[in-house]
Amino acid sequence: MTGNNLADYLTLGLLMFSIGAVGVIVRRNPVVIFMCIELMLNAVNLTFLAFARYMPSSAPASGREASFMSGQMMVIFVMAVAAAEVAVGLGIIMAIYRLRKDVDVDEMNLMSG
Amino acid sequence: MYNLLAQTDGNGLAKRLAEAFPPPTIDWPSILPIALVVCTGIVALIVEMLRPRQNNNAIIGFSLVGLFFAGLSLTSQFASPDLESFGGMVLRDRFSLTIQLLVVMVTGLTILFSDGYLRAKRIPFGEFYPLVLWSASGAMMMASSKNLLMIFLGIEVLSISLYVLAGMSKTETKSEESALKYFLLGAFASAFLLYGIAFMYGATGSLHLDAIRSAWNPNDEAFRNMMLFGMGLMLFGLAFKAAFVPFHQWTPDVYQGAPTNVTAFMAAGSKIGAMAALWRLLSASTTNVDLGATFQSYWMPALFWIAILTMTVGNLVALVQKDVKRTLGYSSIAHAGYILVGILAHVNNPEKVGIGTTVFYLLSYSLMTIGAFAVVSLTAKNGKEGTRFEDLHGLWKRSPFAVGCLIVFVASLIGIPPTSGFFGKLMIFNDALASDLMPLAIVLAVNSVLSVYYYVGIAKAAFVDAEGARTPESAPMNLGLAATCLLCAGGIFAVVILFNPLMNWLVGAP
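Respectively, the protein sequence lines represent chains G and C. Start counting the first sequence at 14; every next residue gets the next number (the working numbering). Start counting the second sequence at 703; every next residue gets the next number (the working numbering).
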């Protein structure tokens, strides 16, 4: 029984990223939009991990461990940054909800021109 | 490991361990400026919690002293050799030092005029000072590394603080709306940037721009496609942060809705950071002939059109605006286009065109933008702020000094000869000609003429007499604001008068 190819993971990543990107554009609730952005970040994480696991031949042989590590390290940082963004983002959504009892992004049109 | 410990008597252990596991060589001064700014922010936060609620003078004073020492530690490294430390995570070269110095200057100027504005607007948010300092540290990180991980972290540190700052005025729907827009679109763009980094990493196995460049292999089709795809996504993310057309839609809304002092920092500090990251990314492609050629044939045409669109759309849309902050927002988009021309000129011809032009333009742009926003912040009073053109009416009677400075800023934004704005544009124009980007040079010149109309409109608004009760009284001039205006206006002329020594000092031999 053999595992999956790198291309399978990349395709899944691309699919998740596209679903997220389309979701950001079509959805109207900021919380859902934010969930779509999280989906995009998770697609990025999956891509990083797949690349780190299937280190391509182009990686310099001398620094292969370093190459391995930098991909996995990146994932940790992306998760940390995403958590920080959640904290700030939900705070902003709460603040706006308190002011107007409505968080539909189509209604946010005070400024235009 | 066991043998190693068993052979060792007590006091030799540390030494033998150090021999077995040699500690990496680390150049601490290279992160000292960033560390100083971050620590100043942390201490400022503690001071904010402890202080009596009357005023912010202690925090402001402390922040400015911290920034001063950060600037000092930067200038003291000007003579030191270029090096990479912390395992390639931190890079010290002339470009990183100069850009960091600009960020420190911008932060200082913003903090200087913020207190009066925050009080006039009645925003009880002492956390402004720590947050703006941390945000600045993010911009400094972006400039001082060639590692994509560090550049990404820098962008996020810069942006996450700015999301909070944009929504700082909690009772004002406009401010919250701008924070939400900035946050959602910023996170969206970060995802694209990261996805691009993932593909560059996948193709080369490294996050370091130099390693990515040396791993470039033109004969491998899959590799090349991955690199081009990754580069495109990264450019998308950075173009969003730097507000290039067509990724600019968030800019006017956010600039208009955010508190004016935050807008000033956003327009100057965050733009400096984004331009520095873009510069690092693009100039990495110039030293490899084949990579350079590939870049030229794929991404150069795209960036060429983005530059033209950014300059033109920014200026054309600014012509019909009714709000001063929004107009200045569109003007900052146009200026981002001018800076992009400078960067492209360098990428096109790295031998003839160095970092001097971009650094000088960023310097003069920050001075005039922060100055202009500082004067506009005078319209805030008693918790209210009007930023339409009418709200500037009669300003010259109430604070002639501010209006005098506003004229200098406007003249510099237009590019009228004795000001730095003129020399910046002239340098970009020359560079564009020197590197065969004639069309960009012409578009730049035409746009400078276009922009005269709306800039003059801003200055004119300040001279029209106020009519009746429509116009709210503006806040009185305060010391910090006067100091900011004076420094910015003085700086605009000083950088021209001291042009040669300044450029020698900042970027080395021209």
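Heads up, the beta-carbon is just placed ideally off N, CA and C, and yes, glycines get one too. On a predicted model such as this, the values are computed, not experimentally measured, just so you know.
Between the CA atoms of residue j and residue i - distance to the nearest angstrom
i	j	result
Met807 of chain C	Leu1181 of chain C	18 Å
Ile109 of chain G	Pro731 of chain C	43 Å
Leu776 of chain C	Ile1194 of chain C	22 Å
Ile1072 of chain C	Phe931 of chain C	37 Å
Ala1171 of chain C	Ile46 of chain G	Only weak support is given to the placement of Ala1171 of chain C: the predicted model assigns it a pLDDT of 48, under 50, and the value that follows is read from those uncertain coordinates. Cα to Cα, the separation comes out at about 43 Å.
Asn963 of chain C	Leu59 of chain G	39 Å
Gly1058 of chain C	Met1205 of chain C	7 Å
Val749 of chain C	Ala93 of chain G	27 Å
Tyr897 of chain C	Gly904 of chain C	10 Å
Gly1016 of chain C	Ile1008 of chain C	11 Å
Leu1011 of chain C	Leu887 of chain C	20 Å
Ala95 of chain G	Val1198 of chain C	44 Å
Leu1135 of chain C	Leu1142 of chain C	9 Å
Pro1120 of chain C	Trp918 of chain C	46 Å
Leu52 of chain G	Ala722 of chain C	44 Å
Thr1029 of chain C	Ile1144 of chain C	23 Å
Met703 of chain C	Lys717 of chain C	The pLDDT assigned to Met703 of chain C is 49, lower than 50, so where the model puts this residue is not dependable, and the model offers no usable value.
Ser31 of chain G	Leu867 of chain C	30 Å
Asn757 of chain C	Asn1051 of chain C	52 Å
Val956 of chain C	Phe1075 of chain C	14 Å
Ala841 of chain C	Phe854 of chain C	11 Å
Gly16 of chain G	Phe90 of chain G	27 Å
Gly828 of chain C	Met977 of chain C	29 Å
Phe81 of chain G	Ala63 of chain G	10 Å
Ala893 of chain C	Leu851 of chain C	13 Å
Leu1046 of chain C	Phe788 of chain C	30 Å
Closer than 7 Å to chain G by CB, residue i
i	result
Ser908 of chain C	yes
Ile862 of chain C	yes
Glu879 of chain C	yes
Leu803 of chain C	no
Ala889 of chain C	yes
Ala1171 of chain C	Reliability fails at Ala1171 of chain C, whose pLDDT of 48 lies under 50, so the model's placement of it is uncertain and the value that follows must be treated cautiously. No, Ala1171 of chain C does not count as interfacial toward chain G.
Val740 of chain C	no
Lys1099 of chain C	no
Phe885 of chain C	yes
Thr875 of chain C	yes
Gly869 of chain C	yes
Glu858 of chain C	yes
Pro1212 of chain C	For Pro1212 of chain C, the predicted model reports a pLDDT of 45, less than 50, meaning its position is unreliable; a value from the coordinates is still stated below. It does not; no Cβ of chain G falls within 7 Å.
Lys872 of chain C	yes
In DSSP terms, what residue i is bridged to
i	result
Ser787 of chain C	C:Val792
Asn849 of chain C	C:His910
Glu1087 of chain C	C:Ala1082
Any chain C beta carbon closer than 7 Å to residue i
i	result
Gly16 of chain G	no
Ala20 of chain G	no
Glu98 of chain G	yes
Ser31 of chain G	no
Ala108 of chain G	yes
Gly102 of chain G	yes
Thr60 of chain G	yes
Ile50 of chain G	yes
Ile105 of chain G	yes
Met92 of chain G	no
Met82 of chain G	no
Element boundaries [alpha helix (DSSP H), containing residue i]
i	result
Val1043 of chain C	Val1026 to Asn1050
Leu27 of chain G	Leu19 to Val39
Gln85 of chain G	Arg77 to Arg113
Thr777 of chain C	Asn759 to Thr777
Gly1159 of chain C	Met1140 to Phe1165
Ile744 of chain C	Leu734 to Leu752
Thr60 of chain G	Pro43 to Arg66
Ala720 of chain C	Leu715 to Ala722
Gly939 of chain C	Glu923 to Ala944
Ser985 of chain C	Lys973 to Ser985
Gly1126 of chain C	Ser1122 to Ala1136
Residue i CB to nearest heavy atom of the ligand ATP below 6 Å
i	result
Tyr957 of chain C	The ligand ATP is not part of this structure, which contains no ligands at all.
_Positions along the region 775-786 of chain C whose CB lies within less than 8 Å of some CB in chain G_ = From the region 775-786 of chain C, no residue has a Cβ closer than 8 Å to chain G.
*Relative to chain D, which residues along the region 954-967 of chain C have a C-beta separation below 8 Å, given in chain order?*
Included in the structure are the protein chains G and C, with no chain D among them.
*Which residues, taken in chain order from the region 939-954 of chain C, show a beta carbon closer than 9 Å to some beta carbon of chain G?*
Taking 9 Å as the Cβ-Cβ cut-off against chain G, the residues of the region 939-954 of chain C that qualify are Pro954.
*Where the region 1144-1163 of chain C meets chain G: residues whose CB sits under 8 Å from a CB there*: Those would be none; no residue qualifies.
*the region 827-851 of chain C: which residues have C-beta closer than 9 Å to a C-beta of chain G, in chain order?*
Within the region 827-851 of chain C, the qualifying residues are Asn849, Leu850 and Leu851.
*When you check each C-beta in the region 1003-1019 of chain C against every C-beta of chain G, which residues fall closer than 9 Å?*
Those residues of the region 1003-1019 of chain C that come within reach of chain G (Cβ to Cβ, closer than 9 Å) are Val1019.
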